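Enquirer: The numbering used here puts the sequence shown at residues 21 to 297. Every residue gets a Cβ at the ideal spot worked out from N, C-alpha and C, and that includes glycine. Being a predicted model, the structure only gives us computed values, none of them experimental. I have a structure here, written as structure tokens, and I will follow up with some questions on it.
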Amino acid sequence: MKFFLFVIFSISFALSGFAQNDPIVAEVNGKTIRKSTLFAYHQQNLSFVQSSKEVTLESSLNDLIDRLIGIENAKKDKIHEQPEVVKKMNDVVYHAFISKELTPKLQKIKVTEDDIKDYYEKYPEYRTSQILFRLRTLPSDADVALALDKATQIYKQVGVDVKKANADKFRELAAQYSQSTSAVTGGDMGFQPRTRLTKQYFDAIHNKPTNYVTKPFRSQYGYHVVMVTGVKKYDEIDKKLYEKIVYDQKRDEILAEYFEEQREKAKIKINKEAMKI
């Protein structure tokens, strides 16, 4: 991870043009390491806890020398042509380009208290319990029908009437039948923000009262029956968490707008027939 972060930093640094007149501090088989690269890497190195290893300028230089040797040997073995390596390198290039292209806009993002309140009014944090009947990624029709039937039978036992919904009964059935890891806690999922739930899950519980039990619904995990057991008040939420959630939402809007513009310029052909399962 440390080298991955450094690669992105190095790309953006090189793009800025600052390294052009730096003195060379080392050469490895004809490859050079410049002072700016060494100092940037060393500064980053100091931010990582390295147990008993002392971080010095010389040790950072040795890291970079070892890295150059490793890269040279990897190229001799054509490791850089392997599909998984190509994918990782493309990821690095993609993120470096996005950083270069959109950083000015991203730096302007501000998250206010009103932003957080507005978001939370729309998307409160619910505590729920669930009973899950899992489905494979590509289930057969028979598997789907069986999971739905099991979920429907559970719903009939606990969910038809909110006033009669029995949390103890739900926990008992969850422990007995649920295929979720939460079965050991009687299906209790705790409080979770919208961003940690599937769209289907959140939509099923949104604006529902305590003790409400959802009808069976399907997500990518399978069929769920969910009981709403609580709603967190605004003054109880983790403000830092929601500040990040709102920031991420604003960031994603910028990214979506950017790529919408780029798609209009690109020549794109989609074969929907080939996408059929």
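Return the residue from the list D223, V248, F211, M247 that minimises the CA-CA distance to D258.
Expert: F211
Enquirer: Cutting at 6 Å between CB atoms, please list the residues of its own chain near A167, excluding the five before and the five after it.
Expert: F153, L155, G242, Y243
Enquirer: Under a three-way DSSP split, which group does G250 fall into?
Expert: strand
Enquirer: Return the CA-CA distance between T148 and I91, expressed in angstroms with no decimal places.
Expert: 50 Å
Enquirer: According to DSSP, what are the bridge partners of S198?
Expert: DSSP lists no partner for S198.
Enquirer: What first and last residue would you give for the alpha helix (DSSP H) that runs through R271?
Expert: In the DSSP assignment, R271 falls within the unbroken alpha helix (DSSP H) covering 259 to 285.
Enquirer: Can you tell me whether DSSP reads G206 as helix, strand or coil?
Expert: coil
Enquirer: Would the segment 232 to 241 and the segment 257 to 271 be scored as touching if the rule is three or more Cβ pairs under 8 Å?
Expert: no
Enquirer: Tell whether a beta-carbon distance below 7 Å holds between S239 and Q269.
Expert: no
Enquirer: Just to confirm the assignment: which complete alpha helix (DSSP H) runs, minimum length 4, are found wholly within the segment 126 to 154?
Expert: Every alpha helix (DSSP H) stretch that sits fully inside the segment 126 to 154 and reaches 4 residues is listed by chain position as 133 to 142.
Enquirer: Here's the rule I'm using: 16 or more other beta-carbon atoms within 10 Å means buried, otherwise exposed. How should S36 be labelled?
Expert: Residue placement at S36 is flagged as unreliable, the pLDDT there being 40, under the threshold of 50; a coordinate-derived value is accordingly withheld.
Enquirer: Check whether the segment 112 to 127 touches the segment 273 to 288, taking contact to mean three or more Cβ pairs, one atom from each stretch, closer than 8 Å.
Expert: yes
Enquirer: Tell me the rounded alpha-carbon separation between K107 and K95.
Expert: 16 Å
Enquirer: Do I225 and V246 have their beta-carbon atoms positioned less than 7 Å apart in this structure?
Expert: For the pair V246 and I225, the CB atoms are nearer than the 7 Å cut-off.
Enquirer: Identify every run of the beta strand (DSSP E) within the segment 45 to 87, keeping only runs that are complete inside it and at least 3 residues long; order them along the chain.
Expert: List check, beta strand (DSSP E) in window: 51 to 54.
Enquirer: Taking 7 Å as the cut-off, decide whether the C-beta atoms of V178 and K189 are in contact.
Expert: yes
Enquirer: Tell me, to the nearest whole angstrom, how far the beta carbon of V113 is from that of L88; I am working on the premise that it is less than 8 Å.
Expert: That pair is no contact at about 20 Å.
Enquirer: Please determine, among T57, K51, G50, the residue with the shortest C-alpha to C-alpha distance to N41.
Expert: T57
Enquirer: Going by DSSP in three states, Y114 sits in which element: helix, strand or coil?
Expert: helix
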